[in-house]
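Written out below as structure tokens is the structure these notes cover.
2 protein chains.
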Amino acid sequence: MDSTQERPSAPELPFNVFAKACPSRGTLEHVTGRWGSLTLGALYEGSLRFNELRRRVDGVSEKMLSQTLHALERDGLVHREAQPTNPPRVDYELTPLGRQVAERLLDLIRLVEGRMDDVLTARERYDATRGAL
Amino acid sequence: MDSTQERPSAPELPFNVFAKACPSRGTLEHVTGRWGSLTLGALYEGSLRFNELRRRVDGVSEKMLSQTLHALERDGLVHREAQPTNPPRVDYELTPLGRQVAERLLDLIRLVEGRMDDVLTARERYDATRGAL
DNA sequence: CAGCATCCAGCTTGATACTG
DNA sequence: CAGTATCAAGCTGGATGCTG
Numbered sequence: 044m045d046s047t048q049e050r051p052s053a054p055e056l057p058f059n060v061f062a063k064a065c066p067s068r069g070t071l072e073h074v075t076g077r078w079g080s081l082t083l084g085a086l087y088e089g090s091l092r093f094n095e096l097r098r099r100v101d102g103v104s105e106k107m108l109s110q111t112l113h114a115l116e117r118d119g120l121v122h123r124e125a126q127p128t129n130p131p132r133v134d135y136e137l138t139p140l141g142r143q144v145a146e147r148l149l150d151l152i153r154l155v156e157g158r159m160d161d162v163l164t165a166r167e168r169y170d171a172t173r174g175a176l
Numbered sequence: 044m045d046s047t048q049e050r051p052s053a054p055e056l057p058f059n060v061f062a063k064a065c066p067s068r069g070t071l072e073h074v075t076g077r078w079g080s081l082t083l084g085a086l087y088e089g090s091l092r093f094n095e096l097r098r099r100v101d102g103v104s105e106k107m108l109s110q111t112l113h114a115l116e117r118d119g120l121v122h123r124e125a126q127p128t129n130p131p132r133v134d135y136e137l138t139p140l141g142r143q144v145a146e147r148l149l150d151l152i153r154l155v156e157g158r159m160d161d162v163l164t165a166r167e168r169y170d171a172t173r174g175a176l
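Structure, rendered in structure tokens:
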């Protein structure tokens, strides 16, 4: 091959997050963003209503959840099902693609959660040596 | 068990990203943050020097890269190897844990990159229906 | 219940300049 | 090369109040 190996994996893909202008970078940010990842993670269990979701994702504000949900819906990762009842009832659930994304995300989340003691230990060492210098 | 099932998976883990106060949430953010994910992804190929990394991660500023690397080093995901030569040479590489994290991240990145046309299509539909309303 | 509009504090980010 | 320091600006995100 002649290409100067700019990426290790999947060099033939048209989309490349490492490039500034690539739209995939935006989607990756929606997905991995503070509330995006938690929202997708929460919805992995099954569909949830707006306020249920809000309670699951501890600390999210109404505004941020709404905004996050819109971005995810626009990217085709979440499906919004509104019932014109009174009081209104709206359910959110993952699309098949959203489900795949959430799986990867949960893999990552589980790994991080499972290794937090290592992380915490590393932090202590880092802070100790830095503070001593 | 008496706990009212707050998480679907791994209910016995001491760390839970869904909880506001959990330190794992911070680490997850370092890892999934805009520059964190790209930095880990870039380092997955092998160790890189500061400016090499800067060129790989298109669009990152010196300051943000520096800051990102510090956070990842502190969390024990990246190892910094400085040689006291002149001019200075500093290599960054993933730790074993960093490597595991990067693997999950790359799975996610590849999925997103590979499905961007679906995402783009979904966006068009979303924008079209929203604009029409 | 489900959400949008607005206001505003403050954290994040990017330039720029400087150091070892 | 490999960063740190500083400053201005802009985006993020929370609180509040209102609608259907």
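Taken in sequence, the protein lines are chains C and P. For the first sequence, this note's numbering gives the first residue as 44, with consecutive numbering after it. For the second sequence, this note's numbering gives the first residue as 44, with consecutive numbering after it. Idealized CB from N, CA, C, for every residue including glycine. The structure presented is a predicted model; accordingly, all values stated were derived computationally and were not measured.
Taking the alpha carbon of C/Arg123 as the point to measure from, which residue in C/Ser80, C/Trp78, C/Gly141 has its own alpha carbon closest?
-> Locating residue 123 of chain C in the first sequence gives position 80, where the first residue counts as 1. Taking the Cα of C/Arg123 as reference, the smallest distance to any Cα among C/Ser80, C/Trp78, C/Gly141 is reached at C/Gly141.
Spell out a yes or no on whether the stretch 64-81 of chain C and the stretch 68-80 of chain P are touching, meaning 3 or more CB-CB pairs, one atom from each, closer than 8 Å.
-> Under the three-pair Cβ rule at 8 Å, the stretch 64-81 of chain C counts as touching the stretch 68-80 of chain P.
For a contact meaning CB atoms closer than 8 Å, what does C/Ala61 contact in chain P?
-> Counting from 1 along the first sequence, the entry for residue 61 of chain C is found at position 18. It should be pointed out that residue 61 of chain C corresponds to Phe in this sequence rather than to Ala. Chain P residues near C/Phe61: Leu81, Gly84, Ala85, Arg99, Val100, Asp101.
Cross-chain neighbours of P/Glu136 in chain C, by beta carbon under 8 Å | Taking the second sequence and counting its residues from 1, the one referred to as residue 136 of chain P is at position 93. Per Cβ cutoff of 8 Å: no residues; P/Glu136 is ~14 Å from chain C at best.
Would a C-beta distance cut-off of 8 Å place P/Glu105 and P/Arg97 closer than the cut-off?
-> Counting from 1 along the second sequence, the entry for residue 105 of chain P is found at position 62. Counting from 1 along the second sequence, the entry for residue 97 of chain P is found at position 54. Their beta carbons are under 8 Å apart, which means P/Glu105 touches P/Arg97 by this criterion.
Residues in its own chain within less than 8 Å of P/Phe155 by CB, not counting five upstream and five downstream?
-> Here residue 155 of chain P is taken as the residue at index 112 of the second sequence, counted from 1. Reading off the sequence shown, one finds Val at residue 155 of chain P, where the question assumed Phe. Close CB contacts of P/Val155 within its chain, under the 8 Å cut and outside five residues either way in sequence, are with Val162 (chain order).
Flag this pair as touching only if the stretch 158-172 of chain C and the stretch 110-121 of chain P have three or more C-beta atom pairs under 8 Å; answer yes or no.
-> In short, these stretches touch, since the Cβ pair count reaches three.
Can you tell me where the alpha helix (DSSP H) with P/Asp134 in it begins and where it stops?
-> Position 91 of the second sequence, counted from the start, is the residue given in the question as residue 134 of chain P. First-last for P/Asp134: 132-137, but that is the beta strand (DSSP E), not the alpha helix (DSSP H).
Name, please, each residue of chain C whose Cβ falls closer than 8 Å to the Cβ of P/Thr70.
-> Stepping through the second sequence from its first residue, residue 70 of chain P is reached at position 27. Going along chain C in sequence order, the residues near P/Thr70 (Cβ under 8 Å) are Val155, Met159, Val162.
Counting only the same chain and skipping the five closest in sequence on each side, list residues whose C-beta sits under 7 Å from that of C/Ala85.
-> To locate residue 85 of chain C, count along the first sequence from 1; it is residue 42. Same-chain partners within the cutoff: Leu91, Leu96, Arg99, Val100.
Residue nearest to C/Gln110 in terms of C-alpha spacing, selected from C/Asp134, C/Thr82, C/Ala125 = By one-based count along the first sequence, residue 110 of chain C stands at place 67. Comparing Cα-Cα distances from C/Gln110 to each of C/Asp134, C/Thr82, C/Ala125, the minimum goes to C/Thr82.
Mind checking which residues open and close the alpha helix (DSSP H) that includes C/Ala85?
-> Against the first sequence, residue 85 of chain C aligns to sequence position 42. 77-86 is the extent of the alpha helix (DSSP H) around C/Ala85.
Could one say the Cβ of P/Ala171 lies closer than 8 Å to chain C's Cβ atoms, at least one of them?
-> Taking the first residue of the second sequence as position 1, residue 171 of chain P is located at position 128. No, no contact with chain C.
C/Arg123: first and last residue of the uninterrupted alpha helix (DSSP H) it sits in = Taking the first sequence and counting its residues from 1, the one referred to as residue 123 of chain C is at position 80. Looking at the DSSP string, C/Arg123 is not in any alpha helix (DSSP H); the run it does join, the beta strand (DSSP E), is 121-126.
What residues in the stretch 112-136 of chain P have a beta carbon less than 7 Å from any beta carbon of chain C?
-> Here the close residues are Glu116, Arg117, Asp118, Gly119.
Return helix, strand or coil for C/Arg92, following the three-state DSSP convention.
-> Here residue 92 of chain C refers to the residue found at position 49 when the first sequence is read from its first residue. In the structure shown, C/Arg92 adopts extended strand secondary structure according to DSSP, grouped into three states.
Would you give the residue range spanned by the alpha helix (DSSP H) that C/Ser109 belongs to?
-> Your numbering for residue 109 of chain C matches position 66 in the first sequence. DSSP places C/Ser109 inside the alpha helix (DSSP H), whose first and last residues are 105-117.
In three-state terms, what does DSSP make of C/Val100?
-> Counted from its first residue, the first sequence places residue 100 of chain C at position 57. Correct three-state label for C/Val100: coil.
Could one say the Cβ of P/Leu148 lies closer than 8 Å to chain C's Cβ atoms, at least one of them?
-> Along the second sequence, read from residue 1 onward, the residue named residue 148 of chain P stands at position 105. Yes, its Cβ sits closer than 8 Å to a Cβ of chain C.
Residue environment, C/Ala145, which counts as buried when at least 16 other CB atoms sit within 10 Å | Position 102 of the first sequence, counted from the start, is the residue given in the question as residue 145 of chain C. Its Cβ being crowded by 16 or more others within 10 Å, C/Ala145 is buried.
Neighbouring residues, chain P, relative to C/Phe58 (Cβ below 7 Å) | Here the question's residue 58 of chain C lines up with position 15 in the first sequence. Going along chain P in sequence order, the residues near C/Phe58 (Cβ under 7 Å) are Glu156, Met159.
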